[in-house]
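Here is the structure we will look at, set down as structure tokens.
There are 2 protein chains.
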Amino acid sequence: MGRPTMNDVARNAGVSLKTVSRVVNGETTVDPGLAARVRAAVAALGYRPNLGASMLRRNDRRTRMIGVLLTDLAGPFSAAVHRAVEDEARARGVHVLGGSTDDDPQRAQDLVEAFARRHVDGVILTAPAVVDLPSVVIDREAGIGQGMRHLRNHGHRRIVFVEREVHAVFALPDPPTAILAGSTSVTIEVVRALRERGLRDRVALVGLGDFPTADLLEPAVTVVAQDPAATGRAAAGALFEQIDGGTQGARAISIPTTLIARGSGEIRPATGS
Amino acid sequence: MGRPTMNDVARNAGVSLKTVSRVVNGETTVDPGLAARVRAAVAALGYRPNLGASMLRRNDRRTRMIGVLLTDLAGPFSAAVHRAVEDEARARGVHVLGGSTDDDPQRAQDLVEAFARRHVDGVILTAPAVVDLPSVVIDREAGIGQGMRHLRNHGHRRIVFVEREVHAVFALPDPPTAILAGSTSVTIEVVRALRERGLRDRVALVGLGDFPTADLLEPAVTVVAQDPAATGRAAAGALFEQIDGGTQGARAISIPTTLIARGSGEIRPATGS
DNA sequence: AAATCGAGAGACAACGTTGTCTTGCAGTAG
DNA sequence: CTACTGCAAGACAACGTTGTCTCTCGATTT
């Protein structure tokens with residue numbers, strides 16, 4: 001007595017199983033009268049097709065599910081990518097399985113494997129993993145060079161690229177005159193650390209990834225914006241192109257980045273020291 | 001010739017289909033020699049079980065997938081909830097289908113329906129929808145009262161609760177002395193608007209939902225923090241309790257909120273006016 | 001030595017659906 | 001009035017897997 005099946009609907013409507021299938025799938029070769037009876041039975045029983053069983057039998061063998069594997073679905077970059085992918089998927093009647101890897105290659109691999117067992121139609125990832133599925137890799141390294149160049153152009157020679165271990169930077173024997181922060185959360189940690197040490201107007205800072213309050217802080221934070229929404233759209237577009245066969249779509253997406261100068265990244269190194 | 005099936009593995013290993021099934025499912029009643037041959041064949045062919053077919057036949061009828069339906073998976077609140085749910089799910093070998101509703105009840109309903117067709121084991125939602133599945137509803141309204149009370153306690157009588165239409169607030173004939181912002185993105189918009197109008201030290205502001213730079217702005221922003229991660233964990237916990245039967249788990253989760261006074265919410269109304 | 005037992009391994013059906021083939025019947029042409 | 005055509009609707013198999021039943025064979029018991 002689980003959920004009603006096509007068979008239950010068929011019995012209720014007094015038609016064959018196959019006729020129900022035809023009506024449910026919108027085939028036109030069904031007598032309007034019978035079709036109406038079937039639809040009534042569907043409504044009466046609260047019948048819902050079982051997509052799992054359907055996919056098993058269908059010729060196209062699509063589950064209409066894709067996997068999205070990002071660093072941290074709670075972080076602003078991953079979340080925005082995920083959302084953009086979701087929108088592209090929705091437009092195609094596809095659902096999205098999400099997964100956070102926390103930059104752990106093993107976990108990424110495990111998730112890919114698990115998604116493959118679910119027969120997802122494809123995956124979008126940030127770290128390249130071994131996949132025998134349609135897939136698109138998002139290049140997160142883009143923009144580092146741009147940030148570095150900007151700081152160099154402003155006279156800096158001692159620049160540190162920071163991921164996570166923010167406080168270690170200030171313990172260095174020869175402290176940097178400029179910092180490039182690897183993610184928005186790191187950027188914010190750096191802002192906080194600089195303030196605590198009274199260095200906010202003395203050490204230059206460029207953050208990877210824009211964030212909504214970057215222009216409201218003092219000094220306003222210079223960032224390399226990555227447009228995660230556009231990235232997600234592009235990745236999803238490329239993935240669906242692969243899935244739908246035809247021209248083999250792009251297997252990698254590189255983020256077009258933009259440097260937004262707001263102040264913190266234009267601080268010059270102290271000339272005296 | 002799509003992916004190899006159990007039958008292919010069976011042929012390759014020279015055993016029956018059922019024996020492969022037993023090995024794959026870790027049953028112990030298999031001769032070690034045969035089991036080794038099966039495992040070798042699995043590796044050689046790159047066989048992966050088809051979870052869809054498996055779920056169709058298994059007795060428990062679980063897909064080990066749940067749906068998470070939130071306002072906007074790109075927003076910090078939804079994203080953090082989503083991540084927390086993902087972690088709880090991962091611990092149980094369950095995957096998460098995500099969906100953004102943008103607060104559109106129709107879309108929420110459509111997504112619930114679509115997830116039900118996929119036979120998800122349950123759903124977590126912010127807006128109550130008609131569901132005949134295990135489900136947990138997250139109450140997002142909690143905290144509004146707390147914010148209002150705080151502002152009233154600081155002498156305010158003209159308080160506006162703002163969602164989205166930030167600029168309309170300042171067009172009011174009788175402008176408020178305090179603002180309660182409905183989400184972090186609205187809070188940030190209000191901060192920006194107050195600055196543009198030179199009102200940042202004159203109009204009180206309390207935001208619903210903490211954000212990483214709230215303490216770095218000037219004045220620092222008072223918020224009603226919602227601990228989305230704890231919310232997600234609680235919702236997932238309650239959902240799995242329902243799914244696993246036994247005690248009917250909670251059907252609704254209310255967020256325990258904390259007011260964090262940082263300055264912007266303690267501004268008092270101008271006494272003269 | 002015959003009867004009993006147990007455990008490993010295969011045969012077969014079934015899960016809910018769709019692809020293919022066949023049947024039945026009305027409508028048309030000769 | 002018979003033969004043909006066409007199309008709606010049902011019968012049946014199949015998708016990849018697991019549950020249940022049966023069979024075989026060696027080991028144990030008496």
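Listed in order, the protein sequences are those of chains A and B.
If you count by UniProt numbering, then the first sequence holds residues 1 to 273, one letter each, in order.
If you count by UniProt numbering, then the second sequence holds residues 1 to 273, one letter each, in order.
We put the CB at the ideal spot given by N, CA and C, even for glycine.
Source: prediction; values computed, not measured.
Q) Is residue 226 of chain B buried or exposed, if buried means 16 or more other CB atoms sit within 10 Å of its CB? A) buried
Q: Going by CA-CA distance only, name the one from B:150, B:162, B:173, B:172 that's closest to residue 186 of chain B.
A: B:162
Q | Supposed contact pair residue 221 of chain B and residue 275 of chain B - C-beta distance, whole angstroms, cut 8 Å | A | Nothing in the structure corresponds to residue 275 of chain B, since chain B is present only between 1 and 273.
Q. Among residues of its own chain, excluding the 5 on either side of residue 228 of chain B, which ones have a beta-carbon nearer than 6 Å to its beta-carbon?
A. Excluding positions up to five away in sequence, the list reads 77, 80, 81.
Q: Compile a chain-ordered list of the residues in the region 117-151 of chain A whose CB is closer than 9 Å to at least one CB of chain B.
A: 117, 118, 119, 132
**Q.** Which of helix, strand or coil DSSP assigns to residue 211 of chain B
**A.** coil
Q: Check whether the region 120-135 of chain A touches the region 53-68 of chain B, taking contact to mean three or more Cβ pairs, one atom from each stretch, closer than 8 Å.
A: no
Q | Best match in B:271, B:189, B:146 for proximity to residue 211 of chain A [C-alpha to C-alpha] | A | B:189
Q) By Cβ distance, which residues of its chain are closer than 8 Å to residue 151 of chain B, with the 5 residues on each side in sequence left out? A) 159, 178, 180, 204, 206, 265
Q) How about residue 83 of chain B: is its C-beta nearer than 7 Å to some C-beta of chain A? A) yes
Q. Can you name the residues that DSSP bridges to residue 161 of chain A?
A. A:180
Q.
Just checking: is the beta-carbon of residue 188 of chain B within a distance shorter than 7 Å of some beta-carbon in chain A?
A. yes
Q) Of all Cβ atoms in chain B, is any one closer than 7 Å to the Cβ of residue 97 of chain A? A) yes
Q.
I'd like to check one pair, residue 9 of chain B with residue 40 of chain B: are the Cβ atoms closer than 7 Å?
A. no
Q: Using a Cβ-Cβ cut-off of less than 9 Å, give me the residues of the region 212-228 of chain B that come near chain A, in sequence order.
A: Listed by position along the chain: 212, 213, 214, 215, 216, 217, 218, 228.
Q) Smallest Cα separation from residue 60 of chain A: which of A:114, A:245, A:137? A) A:245
Q. When the Cα atoms are used, what is the spatial distance from residue 117 of chain B to residue 131 of chain B?
A. 12 Å
Q: For residue 198 of chain A, decide whether its Cβ has a neighbour in chain B, counting only Cβ atoms nearer than 7 Å.
A: No - not a single Cβ of chain B is within 7 Å of the one on residue 198 of chain A.
Q: Compare the C-alpha of residue 15 of chain A against each of A:198, A:73, A:37 and name the closest.
A: A:37
(Q) Using beta carbons (cut-off 7 Å, strictly below), is residue 26 of chain B in contact with chain A? (A) no
**Q.** Any chain A beta carbon closer than 7 Å to residue 236 of chain B
**A.** It does not; no Cβ of chain A falls within 7 Å.
Q.
I'd like to know whether the C-beta of residue 102 of chain A is nearer than 7 Å to at least one C-beta of chain B.
A. The beta-carbon of residue 102 of chain A is placed no less than 7 Å from the nearest beta-carbon of chain B.
Q. Which chain A residues are close to residue 182 of chain B, counting only those with a beta carbon under 7 Å from its beta carbon?
A. In chain order: nothing, as chain A lies at least about 15 Å away.
Q.
Per DSSP, what are the beta-bridge partners of residue 252 of chain B in this structure?
A. When beta bridges are read from the DSSP output, residue 252 of chain B appears opposite B:137.
Q. Which chain B residues sit within Cβ distance under 8 Å of residue 72 of chain A?
A. 83
(Q) Going by beta-carbon coordinates alone, are residue 238 of chain A and residue 136 of chain A separated by less than 7 Å? (A) yes
Q.
Please return the same chain residues whose Cβ sits closer than 7 Å to the Cβ of residue 273 of chain B, not counting the five positions on each side in sequence.
A. Confidence at residue 273 of chain B is low in this model, with a pLDDT of 45, below 50, so the placement of that residue should be treated as unreliable; the coordinate-derived value is given next. So the list is empty, once near-sequence residues are dropped.
Q: Give the straight-line distance between the Cα atoms of residue 125 of chain B and residue 73 of chain B, rounded to the nearest whole angstrom.
A: Roughly 12 Å separates the two Cα atoms.
(Q) Measuring only the C-alpha atoms, how far is residue 11 of chain A from residue 28 of chain A? (A) 21 Å
Q: Let me know if residue 106 of chain B comes out buried or exposed under the rule of 16 or more other beta-carbons within 10 Å of its beta-carbon.
A: exposed
Q. For residue 71 of chain A, which of A:99, A:166, A:234 has the nearest alpha-carbon?
A. By alpha-carbon distance to residue 71 of chain A, the top candidate from A:99, A:166, A:234 is A:99.
(Q) Please list, in chain order, the residues of the region 1-31 of chain B that have any C-beta partner in chain A closer than 9 Å. (A) 2, 3
Q) Would a check of beta-carbon distances place residue 79 of chain B closer than 7 Å to chain A? A) yes
Q. Any C-beta of chain B sitting closer than 7 Å to the C-beta of residue 209 of chain A?
A. no
Q: Just grab the DSSP bridge partners of residue 216 of chain B for me.
A: DSSP links residue 216 of chain B through a beta bridge to no other residue.
Q. With 16 as the cutoff for other CB atoms within 10 Å, does residue 172 of chain A come out buried or exposed?
A. exposed
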